[in-house]
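Student: With the first letter of the sequence shown counted as 1, position 71 gets the number 353 in the numbering used here; the numbers rise by one all the way through. Even for Gly, the Cβ is constructed at its ideal location relative to N, Cα and C.
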Amino acid sequence: MMNLDEAIKLLERASELGNAYAQCFLARIYMDNADILEGEQKTEDLLEKSVTAGFDLAMEYLADSIMKRSHTEEDSLRAYELYCKSAKLNNTHAKQKLADLYVGKISHDFDRNEHEYIRRISKSDDIQSKLKLSDIYMR
Numbered sequence: 283m284m285n286l287d288e289a290i291k292l293l294e295r296a297s298e299l300g301n302a303y304a305q306c307f308l309a310r311i312y313m314d315n316a317d318i319l320e321g322e323q324k325t326e327d328l329l330e331k332s333v334t335a336g337f338d339l340a341m342e343y344l345a346d347s348i349m350k351r352s353h354t355e356e357d358s359l360r361a362y363e364l365y366c367k368s369a370k371l372n373n374t375h376a377k378q379k380l381a382d383l384y385v386g387k388i389s390h391d392f393d394r395n396e397h398e399y400i401r402r403i404s405k406s407d408d409i410q411s412k413l414k415l416s417d418i419y420m421r
């Protein structure tokens, strides 16, 4: 059985070769073990590389990281944009997080994007996101 150190070494090698999947999951390992592994900046650098390659899960993870570390308007907007891109690639978790942002009444003006997202989600089969978005109309 492979241990975490061996997995990290293999993922680092694949990451250095430009593998977006490896970059994303290595960053996730760093995120989940931040107290013992690499720093936040290395994690976000890996995710940025994976996002550049178009990997939807990396978009979600980077948005999560941004939302966790910062609450500036600029960072919140960047996280929102990443969730939108990931959701457009059919990432269900990103769709749910967008729904949470809408329900939470995030302070930015997302009218055009919000309407587009609601239109898209209403046509999907994602029941949890539909339920969260329905809360918008109930308020």
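So what does DSSP say about Phe337, is it helix, strand or coil?
Tutor: Three-state result, Phe337: coil.
Student: With DSSP run on the structure shown, which of helix, strand or coil describes His375?
Tutor: Three-state result, His375: helix.
Student: For the alpha helix (DSSP H) holding Ser358, just list the boundary residues, first then last.
Tutor: Segment 355 to 370, the alpha helix (DSSP H) holding Ser358.
Student: Among the candidates Ser368, Lys370, Ile348, Ser297, whose CA atom is the shortest distance from the CA of Leu328?
Tutor: That would be Ser297, whose Cα lies nearest to the Cα of Leu328.
Student: Report, in whole angstroms, the separation of the C-beta atoms of Phe376 and Met341, which I expect to be a contact under 8 Å.
Tutor: Rather than Phe, the amino acid found at residue 376 in this sequence is Ala. Confirmed, Cβ separation roughly 7 Å.
Student: Leaving out five residues before and five after Leu383 in sequence, what residues of the same chain have Cβ atoms less than 6 Å from its Cβ?
Tutor: For Leu383, where only same-chain residues beyond five positions count, there are no Cβ hits under 6 Å.
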